[in-house]
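Accompanying notes for the structure given below.
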Amino acid sequence: MMMNLEEAPEGLWTRCDGCAQMVFSKELEKTGFLCPTCGHHFRIGAFQRLAMLVDEGSFTPFPPLVAANPLDFPGYEQKIKQAQEQTGLDDAALVGKAAIQNTDCMLAIVDFSFMGGSMGSVVGEQLVRCFERATAERLPVVVVSGGGGGARMQEGVFSLMQMAKTVQAVGRHSRAGLLFVSILTHPTMGGVYASFAALGDIVLAEPGALIGFAGPRIVAETTREKLPEGFQTAEFALEHGLIDAIVPRPQLAQYVSRLLEWHR
Amino acid sequence: MSRVQPFEWEKPLVELEERIKELKRFCSRAKLDFSEEIANLERKAWTLRREIYASLTPYQRVLMARHPHRPTTLDYIRLVFDDFVEFHGDRTFRDDGAIVGGVALFEGQPVTVVGPQKGRDTKENVARNFGLPHPEGYRKALRLMKQAEKFGRPVITFIDLVGAYPGVEAEERGQGLAIAQCIEGMSFLKVPIISVITGEGGSGGALALGVADRVLMLENAWYSVISPEMCASILWRDSARAAEAAALLRLSPTDLLKFGIIDDVITEPLGGAHRDHAFTGMQIRAFIRRYLAEIKRIAPERLVEERLARFRKLGQFREKRLAEI
Chain A
4 MMMNLEEAPE GLWTRCDGCA QMVFSKELEK TGFLCPTCGH HFRIGAFQRL
54 AMLVDEGSFT PFPPLVAANP LDFPGYEQKI KQAQEQTGLD DAALVGKAAI
104 QNTDCMLAIV DFSFMGGSMG SVVGEQLVRC FERATAERLP VVVVSGGGGG
154 ARMQEGVFSL MQMAKTVQAV GRHSRAGLLF VSILTHPTMG GVYASFAALG
204 DIVLAEPGAL IGFAGPRIVA ETTREKLPEG FQTAEFALEH GLIDAIVPRP
254 QLAQYVSRLL EWHR
Chain B
127 MSRVQPFEWE KPLVELEERI KELKRFCSRA KLDFSEEIAN LERKAWTLRR
177 EIYASLTPYQ RVLMARHPHR PTTLDYIRLV FDDFVEFHGD RTFRDDGAIV
227 GGVALFEGQP VTVVGPQKGR DTKENVARNF GLPHPEGYRK ALRLMKQAEK
277 FGRPVITFID LVGAYPGVEA EERGQGLAIA QCIEGMSFLK VPIISVITGE
327 GGSGGALALG VADRVLMLEN AWYSVISPEM CASILWRDSA RAAEAAALLR
377 LSPTDLLKFG IIDDVITEPL GGAHRDHAFT GMQIRAFIRR YLAEIKRIAP
427 ERLVEERLAR FRKLGQFREK RLAEI
């Protein structure tokens, strides 16, 4: 399920989707991609997220995997290649071992800019390896999800199976008594939300992040209802009891490190 | 049952069948013997039927899976089991009519049965929400499966739904979470599970009932991450090109068997399950008997290990070569 969402900030000036003000791009970098006027959280890439969340130099990525084309879906290879060139990632998840304020953990970041952060075989496998290694090394897992694409259409049923596979890896890690902190960023939808991302021991979200199963457009088309104000936002999810807390981006590293500390 | 228009590709066959009927009527009225001609035409119809149904395209199978007279989960329950009591509710919010479940007797043995329920007409479809479950439906399903685990009885799920319901209230009550929890619950359930995809296997809403030790599929059923219509509207902004999308998605049983997603394909009567409910039920019964006998012997812990291993290996990717780094 693809949605039209605002583009990542580029160019000298960027229009804020929260307050429609023009923001100087250099200014954004300083604020952690938060609008200086209204606090709107701009979407950020996996590497920017990594820099903001983990201790400098602490991240060791897992061996890289690249997508196959199990269905021979036309145009899929080109799409992957294009996304790789645009993002510098092998696929939509950046996964490895890291330290957050001196506490070790396994970390996965799902990047929306790589094919909508959709989950195909590579994202599924990398997440499973992340939880498996965490189970073996008795480490907590932190996953930052931003998968508006849900399960990746181009891999058909194989993408669907990644939902089961990742949930099972989470289940094993959980049964070993280990902590999983799931951080939902804009947007976390479909098969990404309805599998590993929903199952954190602690589920956090960034302000304003879109969180849900079916995309708002689909819901509006199916029900022919006017969607409630703020439908599927993090605030909506909090109000309906679906997440533990909303954490603004500048506080996230500190917040998560405290949780990791208390579960050591 | 109301009369349903034949599919476009069935029309030559329907015409031939009409001609045979007419000839028979004429013969009996006129007291003439055309039995040889009739036998000839019937042979011809039989061959034609075989030809037509042996070469269905993926999308034709999708349409067969949606046939309005196709048996529903409650039909299968009646046909496959000797007795059944339905249980309701998720014990929290309400009873979701889009998912039915309870305890049934399978050849003398109690089993838990769960599956989505489509309606036959508008009134039924409203009550059943067109077989599109809300979170409480998945919570009911999981509750019944946990009950099966407690009492050590196998679980049989039937799958026939386009997807989980995309509605405001469904989202408010955590549709995504309910699906994730159902997948999790089934994954670690310490009793044998068989899933039968009887019609539509649409996305996460279907997978939530399909994490099984053996996954079986009727011949005219589909299973994929997205419906062909939605896929076509994403690819070409044109849901009318669903037939092309269905071919791209490789959602037919033969492909899924090759991929290792399902374990076996259950043959339907020629022309589809809707043409002979009883036969289809018998077929399903025979397959469940066979596969249940196979997995019932496995110790609970090993069963779960094998189930996890089954899903663990699904996916295709490659290690990045050194030259690419």
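Protein chains in written order, with the numbering used here: chain A, 4 to 267; chain B, 127 to 451. Glycine residues also receive a C-beta, built at the ideal position from the N, C-alpha and C atoms.
Below 7 Å CB to CB, which residues in the same chain sit around residue i once its five sequence neighbours on both sides are set aside?
i              : result
residue 288(B) : 258, 326, 328 and 353
residue 271(A) : Coverage of chain A is limited to positions 4 through 267, which leaves residue 271(A) absent and any answer about it impossible.
residue 397(B) : 175 and 179
residue 222(A) : 230
residue 226(A) : none
residue 278(B) : 317
Contact defined as beta carbons within less than 8 Å: I believe residue i pairs with residue j. What is the distance between those atoms, to the nearest angstrom?
i              : j              : result
residue 44(A)  : residue 211(A) : 6 Å
residue 339(B) : residue 421(B) : 5 Å
residue 349(B) : residue 160(A) : 6 Å
residue 317(B) : residue 274(B) : 6 Å
residue 155(A) : residue 122(A) : 6 Å
residue 424(B) : residue 202(B) : About 25 Å separates the two Cβ atoms, so there is no contact after all.
residue 126(A) : residue 165(A) : 7 Å
residue 263(A) : residue 56(A)  : No, residue 263(A) and residue 56(A) are not in contact; Cβ-Cβ is about 12 Å, not under 8 Å.
Residues in its own chain within less than 6 Å of residue i by CB, not counting five upstream and five downstream?
i              : result
residue 6(A)   : With a pLDDT of only 37 at residue 6(A), under the threshold of 50, the placement of this residue in the model should not be trusted; the figure read from the coordinates follows. For residue 6(A), where only same-chain residues beyond five positions count, the Cβ hits under 6 Å are 151 and 218.
residue 367(B) : 358
residue 323(B) : 285, 343, 347 and 349
residue 19(A)  : 26, 38 and 43
residue 293(B) : none
residue 262(B) : 216, 219, 220 and 222
residue 186(A) : 147 and 207
residue 362(B) : none
residue 22(A)  : 40 and 41
residue 8(A)   : Only weak support is given to the placement of residue 8(A): the predicted model assigns it a pLDDT of 44, under 50, and the question is left unresolved by the model.
residue 299(B) : 261
With distance defined between alpha-carbon atoms, name the residue in the options nearest to residue i.
i              : options                           : result
residue 182(A) : 170(A), 189(A), 205(A) and 188(A) : 205(A)
residue 413(B) : 206(B), 147(B) and 148(B)         : 206(B)
residue 218(B) : 265(B), 174(B), 302(B) and 385(B) : 265(B)
residue 214(A) : 153(A), 54(A) and 134(A)          : 153(A)
residue 102(A) : 144(A), 122(A), 155(A) and 227(A) : 144(A)
residue 139(A) : 148(A), 126(A), 177(A) and 125(A) : 177(A)
residue 371(B) : 240(B), 356(B) and 383(B)         : 356(B)
residue 167(A) : 387(B), 396(B) and 174(B)         : 387(B)
residue 320(B) : 299(B), 181(B), 314(B) and 239(B) : 239(B)
residue 94(A)  : 186(A), 119(A), 73(A) and 106(A)  : 119(A)
residue 271(B) : 230(B), 301(B), 390(B) and 164(B) : 230(B)
residue 16(A)  : 238(A), 24(A), 28(A) and 22(A)    : 28(A)
residue 166(B) : 407(B), 146(B), 260(B) and 203(B) : 146(B)
residue 184(A) : 164(A), 125(A), 41(A) and 250(A)  : 250(A)
residue 242(A) : 249(B), 297(B) and 199(B)         : 297(B)
residue 181(B) : 345(B), 364(B) and 407(B)         : 345(B)
residue 104(A) : 196(A), 60(A) and 198(A)          : 60(A)
residue 139(B) : 177(B), 235(B), 189(B) and 186(B) : 177(B)
residue 440(B) : 400(B), 382(B) and 395(B)         : 382(B)
residue 431(B) : 378(B), 148(B) and 315(B)         : 315(B)
Ordered along the chain, which non-local residues of its own chain (more than five positions away) have a Cβ less than 8 Å from that of residue i?
i              : result
residue 11(A)  : Low confidence applies here, because residue 11(A) scores a pLDDT of 46, under 50, leaving its location unreliable and the question unanswered by this model.
residue 261(A) : none
residue 437(B) : 313 and 337
residue 280(A) : The question about residue 280(A) has no answer, for chain A in this structure spans 4 to 267.
Can you find a CB in chain D that lies within less than 8 Å of the CB of residue i?
i              : result
residue 119(A) : Absence of chain D from the displayed structure is noted, the protein chains being A and B.
Exercise. Could you run through the stretch 250-263 of chain A and flag, in chain order, every residue whose CB is less than 8 Å away from some CB of chain B?
Key: none
Quiz item: Any residues in the stretch 36-65 of chain A with a beta carbon nearer than 9 Å to a beta carbon of chain B? Which ones, in chain order?
Solution: none
Quiz item: Just by C-beta distance, which residues in the stretch 283-298 of chain B are closer than 7 Å to chain A?
Solution: 290, 292, 293, 294, 297 and 298
Quiz item: Between the stretch 160-180 of chain A and chain B, which residues of the former have a C-beta closer than 9 Å to a C-beta of the latter?
Solution: 160, 161, 162, 163, 164, 165, 166, 167, 168, 170, 171, 172, 173, 174, 175, 177 and 178
Self-check item: In chain order, each alpha helix (DSSP H) run of at least 4 residues that lies wholly inside the stretch 285-351 of chain B
Solution: 294-298, 301-313 and 329-333
Quiz item: In chain order, which alpha helix (DSSP H) runs of at least 4 residues are fully inside the stretch 71-110 of chain A?
Solution: 79-90
Practice problem: With a floor of 4 residues, list each alpha helix (DSSP H) that falls wholly inside the stretch 20-59 of chain A, ordered by position along the chain. | Solution: 28-34 and 49-56
Quiz item: Just by C-beta distance, which residues in the stretch 416-448 of chain B are closer than 7 Å to chain A?
Solution: 434, 437, 438, 440, 441, 442, 443, 444, 445 and 446
Exercise. Check distances from the C-beta atoms of the stretch 359-389 of chain B to those of chain A and list, in chain order, the residues that come in under 9 Å.
Key: 360, 361, 374, 375, 376, 377, 381, 382, 385 and 387
Quiz prompt | Interface residues of the stretch 335-353 of chain B facing chain A [CB-CB below 7 Å] | solution = 337, 349, 350, 351 and 352
Quiz prompt | Complete runs of the alpha helix (DSSP H) confined to the stretch 170-220 of chain A [at least 4 residues] | solution = 193-196
Quiz item: Residue ranges of each beta strand (DSSP E) run of no fewer than 3 residues wholly in the stretch 215-272 of chain B, ordered along the chain?
Solution: 225-232 and 235-242
Quiz item: Which ranges does the alpha helix (DSSP H) cover as unbroken runs of at least 4 residues, wholly within the stretch 401-439 of chain B, from first to last along the chain?
Solution: 403-422 and 426-438
Practice problem: Note down, in chain order, all residues in the stretch 304-319 of chain B with a beta-carbon under 8 Å from any beta-carbon belonging to chain A. | Solution: 305, 306, 307, 309, 310, 313 and 314
Practice problem: Pick out the complete alpha helix (DSSP H) segments inside the stretch 191-216 of chain B, 4 residues or longer, and give them in chain order. | Solution: 199-206
Practice problem: Taking only runs that begin and end inside the stretch 158-183 of chain B, name each unbroken alpha helix (DSSP H) of 4 or more residues, in chain order. | Solution: 161-180
Quiz item: Quick one, which residues of the stretch 89-106 of chain A are near chain B if we go by CB-CB under 9 Å, in chain order?
Solution: 93 and 94
Quiz item: Given a limit of 7 Å on CB to CB distance, which residues of the stretch 132-150 of chain A reach chain B?
Solution: none
Practice problem: Check distances from the C-beta atoms of the stretch 235-247 of chain A to those of chain B and list, in chain order, the residues that come in under 7 Å. | Solution: 235, 243 and 245
Quiz item: What residues in the stretch 211-223 of chain A bring their beta carbon closer than 7 Å to a beta carbon of chain B?
Solution: 215, 216, 217, 221 and 222
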